[in-house]
Amino acid sequence: MQQHSDLAASLVRLPDADFYHLDDARLGALQEQMITMGRYEGMVIGMPAVADTARGETLPLLWAVRATNLRNWRVVGKRNSALVVSDLLTGKVSVQDAYFGPKKQNLRGMPMSAEGDPAARPAPRGATVSTRVLDVRGIVNLPWQPGRYAVTMLMHDWKSNTATVQLLRGGAGVGDAALRALRWPDSEAAGLANKPAPPAEWQAKADALAGPGMVLELVPADGAGAPRSLLRGAARVALAPGNLAADGKGPVQAVLRITLLVASIDQAKPRKTELLVPVLGRAALKAGDVVPVAFEAQLEAALRETLPPATYQVYAVANDVVAGPLELAIAPSARPAQASP
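Numbering (my numbering), first residue to last: 10 to 350.
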C-alpha cells in the first residue's frame with residue numbers, strides 16, 4: 010500500500026500567495042526535486058491555508074505524483090483520480106473526477122489500466138513525476154463563501170495527504186448564528202439513539218486511539234464463500250459545528266457523518282454512501298471536541314447495490330479524517346448460484 014511521504018509533502022507546502030503563481034519554471038523545479046527521491050512512489054497535494062473569496066475566483070491545489078512506469082501501466086491516473094472535499098462545518102463530503110469534474114470525460118485514445126499483454130508490461134524501474142494545478146472550486150462546485158474544507162486526492166489504491174483551507178470573505182469567517190443554524194434538530198438526532206451498535210470491542214478500539222484517526226476492517230459476511238463486505242470501523246474525530254445536536258438536551262449529543270467510498274479500476278468517481286453515527290452522552294459537546302465512535306455497515310446494503318465481481322478499494326471519510334484503502338475482492342464464485350427456472 011502506498012503512503013504519502015512527509016518529505017514529498019513538504020515540497021508542496023508553500024506560502025499561500027505562491028499557489029496563485031505556479032508557472033512552468035516552478036513546477037519544473039518541483040519535478041526535478043521529486044525525481045531524485047529514490048524508491049518513493051506516491052502523490053502529495055498542497056493548497057493555501059487561508060483564501061479570501063473577495064480577492065480571487067479560484068482555489069488552487071498543487072498536485073504532484075511520482076510513479077514507476079509499471080505503476081502508470083497498472084493504474085492509469087487520468088482514469089482513476091478523484092478529488093475528495095470534506096466540509097468541516099457540516100461534515101458533508103463531495104467527490105468528483107479530478108481531471109474533468111462534473112463534465113463528461115474525454116478519454117479518447119487513453120489506454121485502460123493494465124491494457125495489453127501482461128508479459129509485455131513495463132519493468133518495475135524508472136519513474137516519472139507529473140505536476141498539475143487544479144481549481145478546487147471549479148471541480149466540486151465549491152460554494153464561494155466563508156467555510157472550512159479538507160481536501161484529499163485518491164487514485165484507486167493511492168491516497169494523498171490531506172490539506173485544509175479556510176475560506177474568508179473580506180477577512181471575515183462564518184458568523185456564530187450561521188454556525189448554530191447548521192446543527193441537527195434534536196428530534197432528528199434523538200431518532201438515532203437506538204441505532205444498533207457494532208460489537209463492544211470496536212468501541213473499545215475507538216477509545217484506545219491516541220488521537221484523531223480511524224481504523225477499518227472488512228470481515229466476512231454471513232454465509233460460506235460470501236464476500237468480505239461487512240465493514241467495521243473505530244474512529245476519533247473532531248466534531249464539526251454541524252455535527253452537534255441543536256440543544257444537546259436529548260440522549261444524542263452529536264451526529265457524525267461517515268462517508269464510505271468504494272473505488273473500482275478505471276472509474277474515477279467512486280461509489281459513495283453516508284452513515285449517520287450518534288454520539289451518546291450527558292455531557293454537552295462543542296465544535297472541535299474529539300469524540301470516539303464505532304460503526305459498521307454491510308457495504309452493498311449501504312450502497313443499495315450488488316457489487317459485480319471485481320477488486321475494489323474502500324475508504325471512509327469523517328470530517329478531516331480519511332481512512333483506507335482496504336481491498337475488497339469479489340470473485341464470481343462468491344455469489345450464490347441462481348436457481349434454474
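Don't be surprised by glycine CBs; every beta carbon is placed ideally from N, CA and C.
The structure presented is a predicted model; accordingly, all values stated were derived computationally and were not measured.
Under the three-state DSSP convention, the category residue i falls into
i	result
Gly259	coil
Gly333	strand
Pro250	helix
Val145	helix
Gly220	coil
Phe28	helix
Gln154	coil
Leu39	helix
Ala17	helix
Lys101	coil
Gln347	Any reading at Gln347 must be qualified, since the residue scores a pLDDT of 43, below 50, and its modelled position is unreliable; the value itself is stated next. Note: Gln347 maps to coil in three-state DSSP.
Ser122	coil
Lys87	helix
Asn328	coil
Arg189	helix
Glu314	coil
Lys113	coil
Met10	Because the pLDDT at Met10 is just 40, under 50, the model does not fix this residue reliably, and the value given afterwards should be weighed accordingly. Met10 falls in the coil class under three-state DSSP.
Leu79	helix
Lys295	coil
Ile339	strand
Asp195	helix
Buried versus exposed, by CB contacts within 10 Å (16 or more), residue i
i	result
Ile44	exposed
Ala346	Legend: pLDDT at Ala346 = 45, less than 50; position of this residue unreliable, no value from coordinates given.
Gln105	buried
Gln262	buried
Pro57	buried
Lys204	exposed
Thr315	exposed
Ser19	exposed
Met52	buried
Asn150	exposed
Leu337	buried
Asp96	buried
Arg313	exposed
Arg189	exposed
Leu16	exposed
Pro208	exposed
Ala26	exposed
Pro152	exposed
Arg146	buried
Gly118	exposed
Val228	exposed
Cβ neighbours of residue i in the same chain (closer than 8 Å, five flanking residues each side left out)
i	result
Gly222	Ala244, Arg245, Val330 and Ala332
Asp2	This structure leaves residue 2 out entirely; the chain is present only between 10 and 350.
Arg178	Asp61, Thr62, Ala63, Gln154 and Pro155
Ile339	Pro236, Ser238, Leu316, Pro317, Pro318, Ala319, Thr320 and Tyr321
Expected contact under 8 Å - CB spacing of residue i and residue j to nearest Å
i	j	result
Gly55	Arg22	5 Å
Pro111	Leu79	Actually they are not in contact, since the Cβ atoms of Pro111 and Leu79 sit about 32 Å apart, beyond 8 Å.
Gly156	Leu98	6 Å
Tyr324	Leu163	7 Å
Glu305	Leu240	6 Å
Ile148	Ala187	About 25 Å separates the two Cβ atoms, so there is no contact after all.
Leu68	Asp144	6 Å
Asp270	Pro260	A small correction: the amino acid at residue 270 is Leu; Asp does not occupy that position in the sequence shown. Not a contact, Cβ separation roughly 30 Å.
Ala193	Ala255	The residue you asked about is not Ala; residue 193 is Trp in the sequence shown. About 6 Å; that satisfies the 8 Å criterion.
Residue i and residue j closer than 8 Å at C-beta
i	j	result
Leu39	Ala73	yes
Val94	Tyr158	yes
Gly257	Leu294	yes
Leu71	Leu31	yes
Thr77	Pro133	yes
Pro318	Pro334	no
Arg83	Met46	no
Gln175	Val59	yes
Ala215	Pro287	no
Gly100	Asn328	yes
7 Å CB neighbourhood of residue i in its chain, flanking five on each side removed
i	result
Ala296	Leu248, Ala249, Pro250 and Leu253
Leu285	Leu201, Val264 and Arg266
Pro24	none
Ser169	His13, Met52, Val53, Ile54, Thr161 and Met162
Contacting residues, own chain, Cβ-Cβ under 6 Å from residue i (five flanking each side not counted)
i	result
Gln212	Ala303
Ala219	none
Thr268	Val102, Glu283 and Val326
Asp166	Gln322 and Pro334
Interface flag, residue i vs chain D, CB-CB below 8 Å
i	result
Glu314	In the displayed structure, chain D is absent; only one protein chain is listed.
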